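K.L.:
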Amino acid sequence: MMPIAQTDRSKQTAYRVGGLLAAGALTCFAIAGLGIGESWTRNMGLSEAHYDLYLGIGTGMLATFAVAAFWKGRFYSGPGSDRVDSAQARQRQILIAVVVLLIGFGTAAILHASHAQGALELDFSIEFALLALAVAAATVFGVGFTRRKYRQAANDELVRSLRWRAAQIGYMLAIFGLAFAYLASLLWPGLTALILPVSILAAVAVPAFYFLVAEHRADD
Amino acid sequence: MTERKLGNRLKDARTSRNLTQADLADQAGVSRKTINTVENSVFVPSTTLALALAKVLETKVEDLFFLIEE
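Quick note, the sequences are listed as chains A and B, same order. Okay, so the first sequence: first residue is 372 according to our numbering, each after it adds one. Okay, so the second sequence: first residue is 1179 according to our numbering, each after it adds one.
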């Protein structure tokens, strides 16, 4: 268990950082609000329609608050924070972030594929928003190798077993998905751009989701 | 052919030493979820982990784990 003074200092740091980021987000929001319709916002590449502007601001704020919240968790040094479970929880958070980003980027790729066929009007706001979240997640989680229990958590027997099963599921999905994508490219060439990202997304996201659910159920 | 399952007395051994799952997991160098799944016979531990658990609980592996033949 860490000394109480150290725990308090960590929390203080987290709150200060969180406060600074919140203030920064509010400043951005105010500047953006003042800049609507102004020439300098157009010079920054923002469209007249403003919806991508609002989306960008909203994402910026979300990402900022996420950084603040997770930053607090990162410096948390209370009871049990040096246990394998704590390192495992961080690895789980990273996996959830990766799955969310994968689904997001995959969905964007699918939407863009639809757009190529004239079905949907879409700019790159989604990718822009996801990129901001990816940067926030990378900043918050880091590589994770610095945690003392990282290796123990990664080599935990249950986790290794679940990882193996997830890899098997991913392998099977990849084989079937890519075979189906190949067949689809022969039968419906126009849909290849749509089916390929779905196949790849399923081969990665489904096993990751299985792993998360199975690990969660290990608590029962 | 006889089907074999692994039974265990891990929970009894742990509680008799006033250890929580988290305490045992910490001392054995695994996660609490691993201990939980072993106790519930959901997960079969490796020989290394079985030996480590026996060492932490100051008992023999045979006293902790046994075969159930069906």
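We put the CB at the ideal spot given by N, CA and C, even for glycine. Here the structure is a predicted model, which is why all the values come from computation and not from measurement.
Enumerate in chain order the residues of its own chain whose CB-to-CB distance from Asn1186/B is below 8 Å, with the five nearest sequence positions on each side excluded.
P.N.:
Correct list, in chain order: Val1216, Glu1217, Ser1219, Leu1242, Phe1243 and Phe1244.
K.L.:
Check each candidate in Thr510/A, Val577/A, Val575/A and Ala479/A and name the one with the smallest Cα separation from Glu498/A.
P.N.:
Nearest in C-alpha terms to Glu498/A, of all of Thr510/A, Val577/A, Val575/A and Ala479/A, is Ala479/A.
K.L.:
Does the beta-carbon of Val1208/B have 16 or more other beta-carbons within 10 angstroms, so that it is buried, or is it exposed?
P.N.:
buried
K.L.:
What does the alpha-carbon distance come out to for the pair Ile474/A and Asp591/A?
P.N.:
28 Å
K.L.:
Does the pairing of the segment 572-579 of chain A with the segment 533-546 of chain A give three or more beta-carbon distances under 8 Å?
P.N.:
The segment 572-579 of chain A vs the segment 533-546 of chain A: in contact.
K.L.:
Between which two residues does the beta strand (DSSP E) carrying Ser454/A extend?
P.N.:
Residue identity check: residue 454/A is Arg in the sequence provided, not Ser. Element bounds for Arg454/A: n/a, residue is neither H nor E.
K.L.:
Could you give the residue range of the beta strand (DSSP E) that holds Phe1221/B?
P.N.:
Run containing Phe1221/B: none; DSSP gives neither H nor E here.
K.L.:
What are the boundary residues of the beta strand (DSSP E) that includes Arg1182/B?
P.N.:
Arg1182 to Asn1186
K.L.:
Taking the DSSP output, what are the residues bridged to Glu1247/B?
P.N.:
Arg1182/B
K.L.:
From the DSSP output, in three-state form, read off Ser1194/B for me.
P.N.:
helix
K.L.:
So with CB distances below 7 Å, who are the chain A contacts of Thr1212/B?
P.N.:
Asp527, Glu528 and Leu529
K.L.:
Under 8 Å, Cβ to Cβ, is there at least one residue of chain B near Gly522/A?
P.N.:
Looking at the sequence itself, residue 522/A is Arg, so the reference to Gly does not match. No, no contact with chain B.
K.L.:
Answer yes or no: do Thr1163/B and Asp527/A have a C-beta to C-beta separation smaller than 8 Å?
P.N.:
Not covered by the structure: residue 1163/B. The range shown for chain B is 1179 to 1248.
K.L.:
I need the DSSP call for Asn1214/B, collapsed to helix, strand or coil.
P.N.:
Here DSSP, grouped into helix, strand and coil, assigns Asn1214/B to helix.
K.L.:
CA-CA distance, Ala552/A and Ile566/A?
P.N.:
Rounded to the nearest whole angstrom, the C-alpha separation of Ala552/A and Ile566/A is 6 Å.
K.L.:
Please say whether Ile465/A and Phe512/A have beta carbons closer to each other than 8 Å?
P.N.:
yes
K.L.:
Between the Cα of Arg592/A and the Cα atoms of Asn1214/B, Arg1210/B and Arg1195/B, which residue gives the shortest distance?
P.N.:
Residue coverage of chain A in this structure runs from 372 to 591, which leaves residue 592/A outside it and unanswerable.
K.L.:
Taking only beta-carbon atoms, is Gln459/A less than 8 Å away from chain B?
P.N.:
Gln459/A belongs to the set of residues whose beta carbon lies under 8 Å from a beta carbon in chain B.
K.L.:
Kindly indicate if chain B contains any beta-carbon less than 8 Å away from that of Arg454/A.
P.N.:
yes
K.L.:
Whole angstroms are fine: how far does the CA of Leu1202/B sit from the CA of Arg1192/B?
P.N.:
7 Å
K.L.:
Looking at the structure shown, is Leu1235/B part of a helix, part of a strand, or coil, going by DSSP?
P.N.:
Leu1235/B carries a coil assignment under DSSP once its states are collapsed to helix, strand and coil.
K.L.:
Identify the contact partners of Glu586/A in chain B, using a Cβ-Cβ distance below 8 Å as the criterion.
P.N.:
Residues of chain B with a Cβ closer than 8 Å to the Cβ of Glu586/A are, in chain order, Lys1211.
K.L.:
Is the Cβ of Ala589/A closer than 8 Å to any Cβ of chain B?
P.N.:
At least one chain B Cβ lies under 8 Å of Ala589/A.
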